Amino acid sequence: MIIFKRLLKYTKPYTVRFVEGALCMAMVALLTTGTIVLIRTVVDDALISKEQQTLLYVTLCFPLIFLLKGIFSYLQNYLMNYISRSIIRDIRLELFTHLQNLSLDYYHNNSTGRIMSRVTNDTTQLQNSIGQVPVQIVRDGLTLTCLIGTIFYLHWKFALITLVLFPIAAFPVGLLGKKLRQAGRQIQVRMSDLFMYLQEGITGNIITKLFCKEKEEIERFAKENNAYYADTMRWVRADVLGAPIMEFLGSFAAAFLLWYGGRDVIQGAWTAGSFFSFLGASLSAYKPVKDFTSLNSQIQQGVACAERIFELLDEKPALIEKSNAIILAPFTHDIQYKNVHFSYTTGP
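The sequence shown begins at 1 in this note's numbering and counts up one residue at a time.
See the structure below:
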């Protein structure tokens with residue numbers, strides 16, 4: 001929670017833009033629901049009633065709805081990319097400014113490659129999370145809300161059954177969350193080590209050639225590269241496992257609704273148009289729920305990157321200038337050191 005609060009501080013300058021983006025997401029959610037409602041009109045008021053004029057009107061509505069949906073989708077994606085990239089620009093500047101103010105002992109204890117990994121790789125991964133997570137939470141959340149409202153409007157009894165069945169399909173997401181976060185953090189650590197070996201291999205190339213150590217350097221880098229690959233694949237396995245499990249469990253819910261609802265249509269309990277609209281809304285609602293699987297992995301990886309970035313920002317300089325430090329007079333003749341003592345933590 002502390003990580004999210006600290007990240008929220010960087011979003012405040014872009015609140016207006018985010019509100020604009022959220023409004024666009026709301027329009028996308030409403031238009032998505034609109035296409036589902038049209039199915040009921042097509043089946044009941046056009047096909048079954050054989051009203052050609054109604055069929056024409058509904059047919060013309062489909063391209064208009066998708067045109068508007070495309071416009072609002074473009075605006076939401078542009079605004080969220082603007083916000084995420086602006087936030088990362090601000091964080092990178094703060095990181096570089098902080099690095100300039102750190103004492104030399106920090107650079108003695110941390111390799112250039114690891115520092116660069118936090119400023120480049122971690123911020124890039126965080127940017128992806130900031131750009132995608134709010135979109136999926138707001139847009140998919142609103143879409144899910146609109147679709148749930150639609151299915152309650154069409155048939156409240158089946159809506160309650162649906163709301164009981166879908167959480168069962170979403171249950172694996174919670175179990176995989178902790179594993180994804182641990183794997184995501186380990187990946188960022190491995191990437192830092194990879195940056196370190198790469199930086200040392202390039203800057204120390206002359207020394208490597210002088211002592212004919214090319215083979216050893218290649219083996220050392222290959223070992224670290226394979227370790228990074230193994231950690232990445234561990235994260236991938238956890239990431240891709242959620243969707244198939246949800247689809248399999250969700251298929252039981254869909255099969256039950258199809259059988260039970262179809263039986264009621266045959267018995268005349270409700271119209272075919274309402275049933276197909278309900279089924280379409282239920283299946284459409286499954287997609288946002290399914291997308292929360294990938295959302296979870298994005299959040300966990302983003303949190304892992306944010307933790308590493310804030311660790312660097314929380315690093316305190318070993319030497320802090322006193323507020324009452326004496327301003328030296330302009331240099332005139334020579335400089336003398338008397339009773340001056342200094343050492344790093346490793347020794348004098």
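Each residue gets a CB set at the ideal place from its N, CA and C atoms; glycine is no exception.
The structure displayed is predicted, hence computed values, not measured ones.
Item	Value
CB-CB length for Phe62 against Leu38, believed under 8 Å	7 Å
Close Cβ partners of Asp264 (< 8 Å) along its chain, the five nearest in sequence each way excluded	Trp270, Phe275
Where Gly201 sits in the DSSP three-state scheme	helix
Residue environment, Gly21, which counts as buried when at least 16 other CB atoms sit within 10 Å	buried
Alpha helix (DSSP H) runs contained entirely in the region 1 to 56, provided each spans 4 or more residues	2 to 11, 15 to 40
Rounded C-alpha distance that separates Arg85 from Thr123	10 Å
Buried or exposed (CB count within 10 angstroms, at least 16 for buried), Met196	buried
Ordered list of beta strand (DSSP E) runs contained in the region 250 to 287, each at least 3 residues	none
Cutoff 8 Å; reference Ser103; Cβ partners in own chain excluding five residues on either side	Pro317, Ala318, Leu319
Closest by C-alpha distance to Ser343, when choosing among Phe72, Lys223, His108, Thr54	His108
Phe152, enclosing alpha helix (DSSP H) - first and last residue	141 to 154
Cys305 and Gln136 closer than 8 Å at C-beta	no
Sub-8 Å separation of Thr33 and Thr150 beta-carbons	yes
For Met80, the nearest candidate out of Val164, Glu307, Val19, Thr203 (CA to CA)	Val19
Exposure of Asp231, with buried meaning 16 or more beta-carbon neighbours within 10 Å	buried
Three-state secondary structure assigned by DSSP to Leu328	coil
Cβ-based burial, Asn101 [other Cβ within 10 Å; buried from 16]	exposed
Supposed contact pair Leu194 and Phe229 - C-beta distance, whole angstroms, cut 8 Å	Note on residue identity: the sequence assigns Tyr, not Phe, to residue 229. Wrong, their Cβ atoms sit about 10 Å apart, outside the cutoff.
Residue of Ser297, Leu312, Phe278, Ile88 minimising C-alpha distance to Arg114	Leu312
Alpha helix (DSSP H) segment containing Gln132, residue limits	123 to 135
Member of Gln336, Gly70, Ile2, His155 whose CA lies at the smallest distance from the CA of Met25	Gly70
Tyr337 (DSSP reduced to helix, strand or coil)	coil
Whether Ala29 touches Arg139 by CB criterion (8 Å)	yes
Cβ-based burial, Arg40 [other Cβ within 10 Å; buried from 16]	buried
Arg308 burial status per 10 Å Cβ neighbour count (16 or more: buried)	buried
Among Thr15, Met1, Ile36, the one whose alpha carbon lies nearest that of Leu284	For the record, residue 284 in the displayed sequence is Ser; it is not Leu. Checked all of Thr15, Met1, Ile36; the closest Cα to Ser284 is Ile36.
Helix, strand or coil at Asn225 [DSSP, three-state]	helix
Buried or exposed by the 16-neighbour rule on C-beta atoms within 10 Å, applied to Tyr286	buried
Classification of Gly262 by the beta-carbon crowding that lies within 10 angstroms, buried from 16 upward	exposed
Same chain, Cβ closer than 7 Å to Val133, five either side skipped, listed in chain order	Leu295, Gln298, Ile299, Gly302
Assigned secondary structure, Ala318 (DSSP; H/G/I helix, E/B strand, else coil)	coil
Of the residues Glu315, Asp334, Phe278, Arg6, the one placed nearest Ala159, counting alpha carbons only	Phe278
Close beta carbons around Thr54, own chain, < 6 Å, minus the five adjacent residues each side	Asp45, Ala46
Local conformation of Asn110 per DSSP, three classes	coil
Separation of Tyr106 from Gln336, as counted between CA atoms	28 Å
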